[in-house]
Amino acid sequence: MRAFVAIGSNIGDRLQNIAKAVKYLGLEPGITIKKVSSLLETDPVGGPPQGKFINGVIKIETALSARELLKRLQKIESSLGRARTVKDGPRTLDLDILLYGKSIINEPDLTIPHPRMLEREFVMKPLLEIEPNIKNKWSSQKKSRKPVRRLIQRARNTNA
Ligand code: ADP
Ligand code: MG
0 MRAFVAIGSN
10 IGDRLQNIAK
20 AVKYLGLEPG
30 ITIKKVSSLL
40 ETDPVGGPPQ
50 GKFINGVIKI
60 ETALSARELL
70 KRLQKIESSL
80 GRARTVKDGP
90 RTLDLDILLY
100 GKSIINEPDL
110 TIPHPRMLER
120 EFVMKPLLEI
130 EPNIKNKWSS
140 QKKSRKPVRR
150 LIQRARNTNA
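Residues in the sequence shown are numbered consecutively from 0, following numbering that gives the first Met the number 0.
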């Protein structure tokens with residue numbers, strides 16, 4: 000299955016955290032890295048005052064289920080010392096599943112497509128960089144099933 004993972008870090012050596020995460024991800028059985036976007040530096044959204052993030056998006060091919068993929072991502076977050084304390088607080092590493100094929104998953108601890116991706120420029124910009132023709136095929140509203148590039152024209156810049 001083709002999947003897209005958002006990556007972010009705002010504590011410590013952020014570039015190194017991201018580099019390690021990409022490396023560990025590629026070492027996981029059942030996960031192959033296909034593309035890594037350019038990275039961008041962004042202001043935090045919500046939560047307590049905290050440092051800027053470095054963000055990017057990774058395209059993978061995976062044999063794992065979405066839930067198993069989430070577990071592996073959380074394992075990698077922990078191995079980089081991520082502690083879950085404050086909501087929307089600073090983190091050494093955040094790995095979120097944006098898309099998993101065309102799946103729509105609405106479970107308490109797993110929502111795919113990622114619910115806030117369309118309004119986050121720091122997600123959409125790198126996603127469109129590596130997948131320029133991605134279509135919003137997952138939308139339940141027929142009229143929204145058009146190229147994502149058009150959908151985000153009105154998206155707010157959440158860096159503001
Ligand atoms: P954030 O929402 O800022 O990424 P966390 O990384 O602490 O916050 O994640 C909180 C919870 O979000 C996780 O425990 C996970 O179960 C849940 N979650 C729901 N959907 C997703 C998804 N698509 N990707 C990653 N985590 C998800
Ligand atoms: Mg997360």
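The beta-carbon is built from N, C-alpha and C at its ideal position, and this holds for glycine as well.
Item: If you compare alpha carbons, which of V85, S77, R66 is closest to I104?; Value: R66
Item: From the DSSP output, in three-state form, read off G25 for me.; Value: helix
Item: Roughly how many whole angstroms lie between the Cα atoms of M0 and I57?; Value: 14 Å
Item: Let me know the alpha helix (DSSP H) ranges lying completely inside the stretch 52-115, each 4 residues or longer, listed in chain order.; Value: 65-78
Item: Alpha carbon to alpha carbon, how far is P48 from S8? Give it in angstroms, no decimals.; Value: 15 Å
Item: For S64, does the count of other Cβ atoms within 10 angstroms reach 16, so buried, or fall short, so exposed?; Value: exposed
Item: Classify K34 as helix, strand or coil using the three-state DSSP reduction.; Value: strand
Item: Which residues have a Cβ closer than 6 Å to any heavy atom of the ligand ADP, listed in chain order?; Value: L69, R83, D87, D93, D95, I96, D108, L109, T110, I111, H113
Item: Our contact map puts L94 next to M116 with C-beta atoms below 8 Å; I'd like the distance itself, whole angstroms only.; Value: About 14 Å; that fails the 8 Å criterion.
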